[in-house]
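The block underneath contains the structure these notes are about, expressed in structure tokens.
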Amino acid sequence: MKIPLRYSIRNLMRRKVRTLLTLFAVVLVVAVSVVMFAFAGGLLNSARNSGSPDNIIVIDRKAANQTFSKISKTDYNLLKGLPQIRKNALGEPLISPETLQDTRVSVGEHENRPGVVRGVSEKLFEVNTLLRMVEGEPPSPGRNLVVGSLTHTALGVPRESLVVGNEIVISNDTWKIVGRFDASGTAMDSEILMDLNDSMAVFVRDSYSSALIKLEHEGEMPTLIQSLNSRNDIQVKAVAEREYYRDLAEGFERIILLAVFLAVIATIGGLVSGMNTMYASVLGRIREIGTLKTLGYPPKDIVQSFVLESTTLALMGGAIGMALAWQANGISTKFNKGAFSINVDEWALLAGLVVALVIGIFGALFPAIKGARMKIPEALHYS
């Protein structure tokens with residue numbers, strides 16, 4: 001004799017206080033689990049997804065990264081002549097000389113905030129196709145700069161303080177914000193872009209930090225990289241742009257692993273807590289299990305009924321928890337000198353669904369089996 005499905009559903013409504021308390025516990029656990037996985041996912045995406053597949057970065061052969069690199073104008077002119085470089089409609093080579101500078105930025109009453117400033121030419125937006133202006137105009141000579149979509153988070157200032165038309169202070173000079181750009185969730189989203197010549201003047205430089213090159217054919221990349229890295233007339237190191245940013249991400253590997261580890265620990269802790277709540281809820285109904293056995297229902301059907309009821313409740317809580325966690329999608333958070341956005345993607349939501357299912361199934365399974373195995377008199381007098 002099967003236990004009617006309506007029995008399980010009706011039980012959820014009959015024990016309102018217990019149902020609501022259990023539901024709240026599941027909602028909390030699932031929401032926290034999803035947000036923690038989304039945090040780790042956003043950090044990984046920002047670190048690993050930067051760069052275009054047909055771009056290479058050229059830096060000083062002795063430098064570890066762009067920040068400490070120096071490429072002379074003579075070397076840059078030699079790079080411009082490479083036949084593998086793609087040309088635009090005007091026949092100009094798509095190569096972008098850049099400077100990269102760690103500096104201090106003051107925004108209103110928020111003074112001396114650590115920030116990253118990149119000096120660029122007009123070619124940048126042709127070479128870096130992940131970059132696009134979303135408001136205003138590109139950086140131009142005369143102390144006119146643009147900010148990224150996450151620059152406010154990286155600087156720790158309100159978003160409204162970096163709107164187009166406002167002014168900020170860099171190296172004791174006042175600069176006007178003339179535009180805002182989006183870098184498709186990559187590391188550049190937290191930077192400030194200014195005119196290349198302005199950056200060289202304000203930071204007293206006579207060389208570039210790097211050159212970003214777009215190739216005509218992606219398949220030529222390995223040969224060109226090998227050629228540049230072995231030349232003696234030009235002391236540079238070439239690397240695929242995506243590989244460059246992946247290597248930078250390895251420098252933060254321990255921090256990223258820590259974030260993932262914390263996400264797993266938080267999930268396990270929440271899982272145990274949620275299962276305990278569900279376990280206690282079912283354990284308090286041992287007498288009900290004894291009554292069902294008295295009425296002739298087999299132990300297997302009783303266990304299935306309780307697991308179904310528990311799983312239904314857990315999925316309801318999971319859906320609410322995932323909906324709450326979704327509100328965190330896109331929220332930016334500061335990391336090192338940059339920033340990234342929390343990414344509530346399908347994997348984070350899948351993790352939340354798994355957590356809800358585990359709580360629902362295993363939280364009810366063991367106490368239900370325990371009650372079903374008891375003799376009827378023992379179950380009826382259980383307390």
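Numbering-wise, the sequence shown is residues 1 to 383 according to my numbering.
Even glycine gets a Cβ: it sits at the ideal position worked out from N, Cα and C.
Quick caveat: nothing in here was measured; it's all calculated off a predicted structure.
Proximal residues to residue i (C-beta, below 8 angstroms), its chain only, five neighbours per side dropped
i: I265; result: none
i: S273; result: A25 and V29
Straight-line gap, residue i to residue j (C-alpha atoms, nearest Å)
i: R104; j: V147; result: 15 angstroms
i: F125; j: G352; result: 39 angstroms
i: N45; j: M133; result: 21 angstroms
i: I342; j: F39; result: 5 angstroms
i: Y297; j: T312; result: 21 angstroms
i: V35; j: N128; result: 31 angstroms
i: F68; j: L28; result: 46 angstroms
i: L324; j: L315; result: 14 angstroms
i: A89; j: R242; result: 26 angstroms
i: K73; j: R86; result: 20 angstroms
i: N77; j: G91; result: 16 angstroms
i: L145; j: Y245; result: 24 angstroms
i: P141; j: I177; result: 12 angstroms
i: A319; j: K16; result: 19 angstroms
Proximal residues to residue i (C-beta, below 7 angstroms), its chain only, five neighbours per side dropped
i: K123; result: L94, I95 and S96
i: S121; result: S96, P97 and L196
i: D54; result: K214, L215 and E218
i: Q84; result: L215, E216, E220 and L224
i: E135; result: V164, G179 and R180
i: V344; result: V34, A38, A325, W326, A328 and N329
Top-ranked residue by Cα proximity to residue i, from the options
i: V169; options: L353, M133 and V117; result: V117
i: G119; options: L130, D102, G108 and E109; result: D102
i: E137; options: S210, R86 and M194; result: M194
i: I57; options: L357, I331, S209 and R373; result: S209
i: I111; options: E220, T174 and V354; result: For the sequence presented, residue 111 should be read as Glu rather than Ile. Among E220, T174 and V354, the Cα nearest to that of E111 is on T174.
i: G41; options: R143, G360 and S332; result: S332
i: A364; options: A238, R180, L100 and V307; result: V307
i: I376; options: N77, A328 and P299; result: P299
i: G330; options: L20, K16 and L43; result: L43
i: A240; options: N232, G321 and P222; result: P222
i: I359; options: T294, G269 and L295; result: G269
i: T99; options: V236, Q235, Y245 and M200; result: M200
i: L82; options: I234, I361 and N276; result: I234
i: F340; options: S140, A154 and G142; result: A154
i: K211; options: A238, D198, M188 and P114; result: First, the amino acid is wrong: residue 211 is Ala here, not Lys. Selected option, being the one with the closest Cα: A238.
Residue environment, residue i, which counts as buried when at least 16 other CB atoms sit within 10 Å
i: G156; result: exposed
i: E346; result: exposed
i: D75; result: buried
i: A64; result: exposed
i: F22; result: The question names Phe, but residue 22 is Thr in the sequence shown. Buried: at least 16 other Cβ atoms inside 10 Å.
i: V204; result: exposed
i: Q413; result: The first residue shown for the chain is 1 and the last is 383, placing residue 413 beyond what the model contains.
i: E191; result: buried
i: D60; result: buried
i: G317; result: buried
i: L79; result: buried
i: P139; result: buried
Own chain residues within Cβ distance below 6 angstroms of residue i, not counting five before or after
i: I302; result: I289, L292 and A372
i: S161; result: V107 and G108
i: H388; result: This structure cannot settle anything about residue 388, because the visible part of the chain is limited to 1 through 383.
Heavy atom of the ligand MN within 7 angstroms of residue i beta-carbon
i: T19; result: This structure lacks the ligand MN, and indeed carries no ligand of any kind.
Which ranges does the beta strand (DSSP E) cover as unbroken runs of at least 3 residues, wholly within the region 287-329, from first to last along the chain?
-> Annotation: the region 287-329 contains no complete segment of the beta strand (DSSP E) (minimum length 3 residues).
Taking the runs of the beta strand (DSSP E) that are 3 residues or longer, which of them lie wholly in the region 115-149?
-> Under the rule that a run must span 3 or more residues, the beta strand (DSSP E) segments found entirely inside the region 115-149 read 132-136 and 144-148.
Enumerate, from N- to C-terminal direction, the unbroken beta strand (DSSP E) stretches of 3 or more residues contained entirely within the region 183-224.
-> Along the region 183-224, the beta strand (DSSP E) occurs as fully enclosed runs of 3 or more residues at 192-195 and 210-214, listed in sequence order.
Contiguous beta strand (DSSP E) assignments of at least 3 residues, all confined to the region 59-125 = Those beta strand (DSSP E) runs which fall completely within the region 59-125 and span 3+ residues are 95-107 and 110-120.
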